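K.L.:
Structure below; questions to follow.
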Amino acid sequence: MQDATAPAPAAAGAGTRRFLAIWGSFRHNRAVIAASAPAVPKAAWTVLEVLRWTTGRFERQGIASARLDAELLATRAFHRTRVELYMHFDQPLGEPELADYRGLVERRLAGEPVAYILGRKEFWSLDFEVGPAVLVPRPETETLVEQALASLRSLPPASRPRRLADVGTGAGAVALALKHECPAAEIVAVDVSADALAVARGNALRLGLDVAFRRGDLVEPLAGLAPFDLVVSNPPYVPGPDIDELAPEVRREPRLALDGGQDGLDLVRRLAADALAVLVPGGILLMEIGAGQAGQAMEILRRSGYARVGSRRDLAGVERVVFGHRGE
0 MQDATAPAPA AAGAGTRRFL AIWGSFRHNR AVIAASAPAV PKAAWTVLEV
50 LRWTTGRFER QGIASARLDA ELLATRAFHR TRVELYMHFD QPLGEPELAD
100 YRGLVERRLA GEPVAYILGR KEFWSLDFEV GPAVLVPRPE TETLVEQALA
150 SLRSLPPASR PRRLADVGTG AGAVALALKH ECPAAEIVAV DVSADALAVA
200 RGNALRLGLD VAFRRGDLVE PLAGLAPFDL VVSNPPYVPG PDIDELAPEV
250 RREPRLALDG GQDGLDLVRR LAADALAVLV PGGILLMEIG AGQAGQAMEI
300 LRRSGYARVG SRRDLAGVER VVFGHRGE
């Protein structure tokens, strides 16, 4: 069958046969010529172009903090601070830098949290090392630190150092932030996970903050160290049935630090009951809770015998922290 794309020759006979032979040869070799031709290289990518492309890719993946994640990964791959990235938006990037960045972007697209990729997370203006053994410290948890400091100020004057316990310390963020603000306080941090405690101890050593660490379940390791003026905790409070619906990066975090039982309040109930035994009269229990849980959590505190029960909202307006005083 005649090639529909071949131009019709103007002459017939021998000229026609010669023309068709040449055209067939050209068609046969055209694919080989195209495949072997070098691609026209794009001009070098700049920092800004890479950030824009990556932000778009993350957005299509459904990553909420797309631009921030793109910039944080760039700080690692390009060895610059975020301010320096903005100052050098038009800087061309070499292939080694682009290769490093591509590797980090692929890990983020696979659902790995940025904090795990970078190995660190800022909390309370302190730099914490983090990894898969611990929950990533979150900005809303700073509300727990803020309320703990306010609660300390509300206590009557004491002739001894204040004594605080952080239950479920994870990376040590809350305990070390409180020690940073209250150097004279005696602080004990507890976690059931040996791997988490190893991370927390490393952070304390790096930050030069003296906090005692104990392994065990909730307040059990505190029994021989009581009493405490404050017990603070960011317990697991995600309802178990909801965990599989969380964002992929959250599901990468330790389930032990997320799963709060059927309604998310199992650990809140246990801690409310058990903390009474390790608090001084008038001492305060403070717990972080999830959105929509404040009403139930405060009722748990009241039924457990706490007085002056209250809550504190985070910057998003969510009732993020509940607290109550042990009776005198």
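Each residue of the sequence shown is one higher than the one before, starting from 0 at the first, in numbering that gives the first Met the number 0.
All residues carry an ideal CB built from backbone N, CA and C; glycine is no exception.
What you are looking at is a predicted structure, and each value in this text was computed from that prediction instead of being measured.
Can you list, in chain order, the residues of its chain with a C-beta nearer than 8 Å to that of proline 226? Leave out the 5 residues immediately preceding and following it.
P.N.:
The answer, listed in chain order, is Arg162, Val277, Leu278, Val279, Gly282.
K.L.:
Could you name each continuous beta strand (DSSP E) segment of 3 residues or more that falls completely within the stretch 126-173, going from the start of the chain to the end?
P.N.:
Whole beta strand (DSSP E) segments, 3+ residues: 162-166.
K.L.:
Do you know how far the Cα of alanine 203 is from the Cα of lysine 178?
P.N.:
The alpha-carbon atoms of lysine 178 and alanine 203 are separated by roughly 10 Å.
K.L.:
Let me confirm a value: leucine 314 is counted as buried when at least 16 other C-beta atoms fall within 10 Å, else exposed. Which label applies?
P.N.:
So leucine 314 counts as exposed.
K.L.:
With distances taken from CA atoms, which of Leu92, Ala157, Phe122 is nearest proline 136?
P.N.:
Minimum Cα distance to proline 136 is reached at Phe122.
K.L.:
Taking C-beta to C-beta, are arginine 250 and isoleucine 242 nearer than 8 Å?
P.N.:
Contact: yes.
K.L.:
Would you mind working out which of Arg302, Leu97, Glu244, Val230 sits nearest arginine 268, comparing C-alpha positions?
P.N.:
Ranking the options by Cα distance to arginine 268, first place goes to Arg302.
K.L.:
Please go through the same chain and pick out, in chain order, the residues whose beta-carbon is closer than 7 Å to the beta-carbon of alanine 274, but skip the five residues on each side of it.
P.N.:
So the list reads Val218, Val230, Leu284, once near-sequence residues are dropped.
K.L.:
Taking glycine 55 as the reference, give the member of Ala65, Leu47, Val46 with the closest Cα.
P.N.:
It is Ala65 whose Cα lies nearest to the Cα of glycine 55.
K.L.:
Count the other C-beta atoms from every protein chain shown that fall within 10 angstroms of the C-beta of alanine 20, then say buried if there are 16 or more, exposed otherwise.
P.N.:
Reliability fails at alanine 20, whose pLDDT of 45 lies under 50, so the model's placement of it is uncertain and the value that follows must be treated cautiously. So alanine 20 ends up on the exposed side.
K.L.:
For aspartate 313, which beta-bridge partners are listed by DSSP?
P.N.:
In DSSP, aspartate 313 forms no bridge with anything.
K.L.:
Taking the continuous beta strand (DSSP E) assigned at valine 187, which residues delimit it?
P.N.:
Valine 187 -> beta strand (DSSP E) spans 185-190.
K.L.:
Ignore the nearest five residues each way along the sequence and tell me which others in aspartate 194's own chain have a CB closer than 7 Å to its CB.
P.N.:
Here the set comprises Ala132.
K.L.:
From valine 31 to methionine 86, what distance separates their C-alpha atoms?
P.N.:
Low per-residue confidence applies at valine 31: pLDDT is 35, beneath 50, and the placement is therefore not dependable enough to give any value.
K.L.:
Does DSSP put isoleucine 299 in a helix, in a strand, or in coil?
P.N.:
The answer is helix: DSSP assigns isoleucine 299 an H, G or I state.
K.L.:
Using 8 Å for Cβ pairs, my map puts valine 198 next to arginine 214. What's the rounded Cβ distance?
P.N.:
Actually they are not in contact, since the Cβ atoms of valine 198 and arginine 214 sit about 13 Å apart, beyond 8 Å.
K.L.:
From alanine 38 to leucine 72, what does the alpha carbon distance come to, in whole angstroms?
P.N.:
Here alanine 38 scores only 37 on pLDDT, less than 50, and its place in the model should not be relied on; the value that follows carries that caveat. Going from the Cα of alanine 38 to the Cα of leucine 72 covers about 29 Å.
K.L.:
Can you give the Cα-Cα distance for glycine 304 and glycine 326, rounded to whole angstroms?
P.N.:
The straight-line gap from Cα to Cα measures roughly 7 Å.
K.L.:
So the candidates are Gly323, Asn233, Glu180, Ala222; which of them puts its Cα closest to the Cα of aspartate 209?
P.N.:
Of Gly323, Asn233, Glu180, Ala222, the residue nearest in Cα terms is Glu180.
K.L.:
Where DSSP assigns a beta bridge to isoleucine 283, which residues make up the other side?
P.N.:
DSSP, once it has assigned bridges, lists Leu229, His324 as partnering isoleucine 283.
K.L.:
Cβ of valine 46 within 8 Å of Cβ of leucine 92?
P.N.:
In this structure, leucine 92 lies closer than 8 Å to valine 46 by Cβ.
K.L.:
Under DSSP, the beta strand (DSSP E) around arginine 213 begins and ends at which residues?
P.N.:
Where arginine 213 is concerned, the enclosing beta strand (DSSP E) stretches over 211-214.
K.L.:
Rounding to the nearest angstrom, what Cα-Cα distance links alanine 293 and serine 158 in this structure?
P.N.:
C-alpha separation (whole angstroms): 34 Å.
K.L.:
How far does the alpha helix (DSSP H) with arginine 56 in it extend, from its first residue to its last?
P.N.:
Arginine 56 -> alpha helix (DSSP H) spans 46-60.
K.L.:
Under a Cβ-count criterion, where at least 16 other Cβ atoms within 10 Å of its own Cβ denotes burial, should alanine 174 be classed as buried or exposed?
P.N.:
Buried, since its Cβ has 16 or more Cβ neighbours within 10 Å.
K.L.:
The alpha helix (DSSP H) that contains glutamate 83, what's its start and end?
P.N.:
From DSSP, the alpha helix (DSSP H) with glutamate 83 extends over 81-86.
K.L.:
Could you compute how far the alpha carbon of isoleucine 299 sits from the alpha carbon of alanine 271?
P.N.:
So the two alpha carbons sit approximately 7 Å from each other.
K.L.:
Glutamate 105 lies in the alpha helix (DSSP H); which residues open and close that run?
P.N.:
First-last of the alpha helix (DSSP H) with glutamate 105: 94-108.
K.L.:
Which residue from Thr80, Leu84, Gln60 puts its Cα closest to that of valine 49?
P.N.:
It is Leu84 whose Cα lies nearest to the Cα of valine 49.
K.L.:
By how many angstroms is the C-alpha of proline 155 removed from the C-alpha of alanine 98?
P.N.:
Roughly 59 Å between the two C-alpha positions.
K.L.:
When the distance is taken between beta carbons, is glycine 263 closer than 8 Å to proline 247?
P.N.:
Cβ atoms of proline 247 and glycine 263: not closer than 8 Å.
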